[in-house]
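Okay, structure first, notes after.
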Amino acid sequence: MWSSNVKTGAELSISSIPVAQLAKEFGTPAFIMDESDFRNRCATWNSALSTAFGSNAGSVYYAAKAFICVEVARWIKDIGIGIDVCTGGELTVALKGGIDPAKIEVHGNNKSVAEIEKAVAAGVGTIVIDSLYEIERVAAAAVKHGVVQKVLLRLTPGIEAHTHESIATAHEDVKFGFSIASGAAWGAIVQTRKHSSLELRGFHAHIGSQILETDSFEISAQRLIALLAKYRDEFSAELPELDLGGGYGIAYLPGDTELDPASTMKALAQIVSAQCAAHKLSVPKISIEPGRSIVGPTMFTVYEVGTIKDVTLENGANRRYISVDGGMSDNLRPALYAAEYTALLANRTSTAPKISSRIVGKHCETGDIVIREIDLENDIVPGDLLATPATGAYGRSMATNYNHVPRPPVIAVKDGKARVIVRRETEADLLGLDI
Numbered sequence: 012m013w014s015s016n017v018k019t020g021a022e023l024s025i026s027s028i029p030v031a032q033l034a035k036e037f038g039t040p041a042f043i044m045d046e047s048d049f050r051n052r053c054a055t056w057n058s059a060l061s062t063a064f065g066s067n068a069g070s071v072y073y074a075a076k077a078f079i080c081v082e083v084a085r086w087i088k089d090i091g092i093g094i095d096v097c098t099g100g101e102l103t104v105a106l107k108g109g110i111d112p113a114k115i116e117v118h119g120n121n122k123s124v125a126e127i128e129k130a131v132a133a134g135v136g137t138i139v140i141d142s143l144y145e146i147e148r149v150a151a152a153a154v155k156h157g158v159v160q161k162v163l164l165r166l167t168p169g170i171e172a173h174t175h176e177s178i179a180t181a182h183e184d185v186k187f188g189f190s191i192a193s194g195a196a197w198g199a200i201v202q203t204r205k206h207s208s209l210e211l212r213g214f215h216a217h218i219g220s221q222i223l224e225t226d227s228f229e230i231s232a233q234r235l236i237a238l239l240a241k242y243r244d245e246f247s248a249e250l251p252e253l254d255l256g257g258g259y260g261i262a263y264l265p266g267d268t269e270l271d272p273a274s275t276m277k278a279l280a281q282i283v284s285a286q287c288a289a290h291k292l293s294v295p296k297i298s299i300e301p302g303r304s305i306v307g308p309t310m311f312t313v314y315e316v317g318t319i320k321d322v323t324l325e326n327g328a329n330r331r332y333i334s335v336d337g338g339m340s341d342n343l344r345p346a347l348y349a350a351e352y353t354a355l356l357a358n359r360t361s362t363a364p365k366i367s368s369r370i371v372g373k374h375c376e377t378g379d380i381v382i383r384e385i386d387l388e389n390d391i392v393p394g395d396l397l398a399t400p401a402t403g404a405y406g407r408s409m410a411t412n413y414n415h416v417p418r419p420p421v422i423a424v425k426d427g428k429a430r431v432i433v434r435r436e437t438e439a440d441l442l443g444l445d446i
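Residues in the sequence shown are numbered from 12 upward in steps of one, following this note's numbering.
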């Protein structure tokens, strides 16, 4: 839930720096990021993949959509893993951070011609094709730039993953990929093979996000490997790669569990090996895309309390509304997915009794709720600090300027030192695009 260098004792601190000190220096709201924890999580997933699959280990691709900035891209370059991008903007950040284009995988269900051309010209390692239109577009871009572009086909294996509907991506009724069951996947294979400027390396599937069990991954692997066998039987050749996506869940609330990298990769390796043996296939290179499970726990958000209001409900019960200086503009997930978070008083210790509270933002929106129900100390007052853990994934990435609120900064902390890696927006920034 909290990153490894956070201490939650008398006063919340990270790498021995009190959060109150960070709030005073950098202001609130702010995203506070544990750089060492981020690096360690990247290394842990990379090690787990290598240990489980040995010589058949492909790449760990960090999912940029969870959170990316130029400095984080530099860390990824240093660590040596790959990155998965899904827009031209994410590609620009990855390249600016110095990531080797050969370690970049490009996703997206509606890549523009300009984005495809930019990716091919940059020399990206893999483009994941998501529609019949993209087969033609990527092939044309490869011809234009005189290269043979390596591609994967994104497939939908027809799985109802155990997660929120809006972040489940592998059942039939979704915008992503080619359906295996309907035959669309096979049609895409045939079309891709018609282009000498494309090298079909294998298949990709991503079944959803915030998944906390491995059954769905196993079913996905089974269906993809069965299709690899059909390809082998039809074309007398084996495809060498399989990207099984990500979506590995993390702990948001006390008592939550998260998928352990080593045991998750071990289970995946067992099912892949068994299925390949059953179909008399060589085990392909296996790649994964852990984004949330790397960055999610490495970051927390610190807010300052602005106002407090006690409300008597129709049933006679009381609820305390605690308003903070951020809200749905820096954490859209509670409104979008009914995502749940926890929080704690960060700047001091309190022995006061706890009461039913609701943490809300400052936006002119009833649904601007950070935490719907939480018991917090009844002596919290304006000026106190509240901290919400596990906001690294999709907090800053989905941040908006709703009500013309500037987006918060990202502060990286490592070895007792803090520095800005994404500065706070200003009102001048908000006016910068107006003509």
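Every residue, glycine too, gets a C-beta built ideally from N, C-alpha and C. Because the structure is a prediction, the values reported are computed rather than measured.
1. Is the beta carbon of A346 less than 9 Å from the beta carbon of D379?
2. What is the DSSP secondary structure of Q160, reduced to helix, strand or coil?
3. So V313 is in the beta strand (DSSP E); what residue range does that whole segment cover?
4. Taking its Cβ as the centre, do 16 or more other Cβ atoms sit within 10 Å of N329, making it buried, or is it exposed?
5. Using a Cβ distance threshold of 8 Å, determine whether the stretch 133–143 contacts the stretch 156–165, with at least three qualifying pairs required.
6. Could you spell out the range, first to last residue, of the alpha helix (DSSP H) harbouring T275?
7. Could you spell out where the alpha helix (DSSP H) holding K76 opens and where it closes?
8. Report the CB separation of F42 from P420 in whole angstroms; it is logged as a contact under 8 Å.
9. Nearest-angstrom Cα distance between S227 and V185?
10. Please identify the residue among Q281, V158, T402 whose C-alpha is closest to the C-alpha of S340.
11. Going by CA-CA distance only, name the one from K365, V283, E300 that's closest to F64.
12. Where does F125 fall in DSSP's three states?
13. Give the secondary structure of D244 by DSSP, where H, G and I count as helix, E and B as strand, and everything else as coil.
14. Per DSSP, which residues does G93 bridge with? Please list them.
15. So, for P308: in the same chain, excluding its five sequence neighbours on each side, which residues have a beta-carbon less than 6 Å away from its beta-carbon?
16. Going by beta carbon distance, what residues of the same chain come within less than 7 Å of A363, once the five residues before and after it are set aside?
17. Helix, strand or coil, according to DSSP, for A404 in the structure here?
18. Return the residue from the list T62, D111, C97 that minimises the CA-CA distance to W86.
19. Quick check: what's the CA-CA separation for P251 versus E126?
20. Taking all protein chains shown into account, decide if R434 is buried (16 or more other Cβ within 10 angstroms of its Cβ) or exposed.
21. Thinking just about the alpha-carbon of each residue, which of V424, V335, D321 is nearest to the one in S393?
22. From G337 to W197, what does the alpha carbon distance come to, in whole angstroms?
23. Between which two residues does the beta strand (DSSP E) holding D386 run?
24. Of the choices I230, R303, Y242, L209, whose alpha-carbon is the least far from that of A280?
25. Does F187 come out as helix, strand or coil in the three-state DSSP assignment?
26. Could you check if H415 is buried or exposed, using at least 16 other CB atoms within 10 Å of its CB as the buried criterion?
27. Rounded to whole angstroms, how far is the Cβ of V158 from the Cβ of V131, which I believe are closer than 8 Å?
28. Output yes or no for whether 9 Å exceeds the beta carbon distance between D386 and S367.
29. Where does the unbroken beta strand (DSSP E) through D45 begin, and where does it stop?
30. Using CA atoms only, rank isn't needed, just tell me which of D321, F311, S408, G327 is closest to V30.
31. According to DSSP, is G134 part of a helix, a strand, or is it coil?
32. Between E145, D89, K365, which lies nearest to A199 when the distance is taken from Cα to Cα?
33. Would you decide whether S27 is buried or exposed? Buried here means 16 or more other CB atoms lie within 10 Å of its CB.
34. Is the Cβ-Cβ distance between I222 and G258 less than 9 Å?
For this structure:
1. Your numbering for residue 346 matches position 335 in the sequence shown. Your numbering for residue 379 matches position 368 in the sequence shown. Going by C-beta atoms, A346 is nearer than 9 Å to D379.
2. Residue numbering aside, residue 160 sits at position 149 when the sequence shown is read from its first letter. Here Q160 sits in strand by DSSP.
3. Here residue 313 refers to the residue found at position 302 of the sequence shown. It spans 310–323 - the beta strand (DSSP E) in which V313 sits, taken as one unbroken run.
4. Residue mapping note: residue 329 aligns to position 318 of the sequence shown, counting from 1. With fewer than 16 Cβ atoms within 10 Å of its Cβ, N329 is classed as exposed.
5. yes
6. Translated into positions along the sequence shown, residue 275 becomes position 264. 272–289 is the extent of the alpha helix (DSSP H) around T275.
7. Your numbering for residue 76 matches position 65 in the sequence shown. K76 -> no alpha helix (DSSP H), and no H or E assigned at all.
8. The residue labelled residue 42 in the question sits at position 31 within the sequence shown. The residue labelled residue 420 in the question sits at position 409 within the sequence shown. Indeed, because the Cβ distance is near 7 Å, the residues count as touching under 8 Å.
9. For the purposes of this step, residue 227 is taken as residue 216 along the sequence shown, with counting starting at 1. For the purposes of this step, residue 185 is taken as residue 174 along the sequence shown, with counting starting at 1. Distance between the alpha carbons of S227 and V185: 17 Å.
10. Here residue 340 refers to the residue found at position 329 of the sequence shown. Minimum Cα distance to S340 is reached at T402.
11. The count along the sequence shown starts at 1 and reaches residue 64 at position 53. Measuring from the Cα of F64, the nearest candidate turns out to be V283.
12. Position 114 of the sequence shown, counted from the start, is the residue given in the question as residue 125. Phe is not the amino acid found at residue 125; the sequence shown has Ala there. Note: A125 maps to helix in three-state DSSP.
13. By one-based count along the sequence shown, residue 244 stands at place 233. Here D244 sits in helix by DSSP.
14. Within the sequence shown, the letter at position 82 stands for residue 93. Beta-bridge pairing links G93 to Y72.
15. The residue given as residue 308 occupies position 297 in the sequence shown. If we look at P308 and ignore the five residues flanking it on each side, its Cβ neighbours are S14, I261, A401.
16. On the sequence shown, residue 363 is found 352 positions in, with the first residue counted as 1. Excluding positions up to five away in sequence, the list reads E388, N389, D390.
17. As a first step, residue 404 is located in the sequence shown; it is residue number 393 there, counting from the start. DSSP places A404 outside both helix and strand once states are collapsed to three, so it counts as coil.
18. Residue numbering aside, residue 86 sits at position 75 when the sequence shown is read from its first letter. Of the candidates T62, D111, C97, the one whose C-alpha sits nearest the C-alpha of W86 is D111.
19. Here residue 251 corresponds to residue number 240 of the sequence shown, with the count starting at 1. Here residue 126 corresponds to residue number 115 of the sequence shown, with the count starting at 1. The straight-line gap separating the alpha-carbon atoms of P251 and E126 is approximately 26 Å.
20. Here residue 434 corresponds to residue number 423 of the sequence shown, with the count starting at 1. Exposed: under 16 other Cβ atoms inside 10 Å.
21. For the purposes of this step, residue 393 is taken as residue 382 along the sequence shown, with counting starting at 1. Position check: residue 393 holds Pro in this sequence, whereas Ser was assumed. Measuring from the Cα of P393, the nearest candidate turns out to be V335.
22. Sequence index remark: in the sequence shown, residue 337 carries index 326 (1-based). Sequence index remark: in the sequence shown, residue 197 carries index 186 (1-based). Whole-angstrom Cα-Cα distance: 48 Å.
23. The residue labelled residue 386 in the question sits at position 375 within the sequence shown. Looking at the DSSP string, the run of the beta strand (DSSP E) that includes D386 is 380–388.
24. Within the sequence shown, residue 280 is the residue found at index 269, counting from 1. That would be I230, whose Cα lies nearest to the Cα of A280.
25. Reading the sequence shown from its first residue, position 176 is the one you call residue 187. Coil, per DSSP.
26. In the sequence shown, the residue the question calls residue 415 occupies position 404. Counting Cβ neighbours within 10 Å, H415 comes out exposed, since fewer than 16 surround it.
27. One-based indexing of the sequence shown puts residue 158 at position 147. One-based indexing of the sequence shown puts residue 131 at position 120. Correct: roughly 7 Å between the Cβ atoms.
28. What you label residue 386 is simply residue 375 of the sequence shown in a count that begins at 1. What you label residue 367 is simply residue 356 of the sequence shown in a count that begins at 1. It is a contact, given that the beta carbons lie within the stated cut-off.
29. Translated into positions along the sequence shown, residue 45 becomes position 34. Where D45 is concerned, the enclosing beta strand (DSSP E) stretches over 41–45.
30. Mapped onto the sequence shown, residue 30 falls at position 19. Out of D321, F311, S408, G327, F311 has the C-alpha closest to the C-alpha of V30.
31. By 1-based counting over the sequence shown, the position of residue 134 is 123. Looking at G134 - three-state DSSP - the assignment turns out to be coil, as it is neither helix nor strand.
32. If you number the sequence shown from 1, residue 199 lands on position 188. Taking only the C-alpha atoms, the option nearest A199 is E145.
33. What you label residue 27 is simply residue 16 of the sequence shown in a count that begins at 1. By the neighbour-count rule (16 or more Cβ atoms within 10 Å), S27 is not buried but exposed.
34. Residue 222 sits at position 211 when you count from the first residue of the sequence shown. Residue 258 sits at position 247 when you count from the first residue of the sequence shown. Cβ atoms of I222 and G258: closer than 9 Å.
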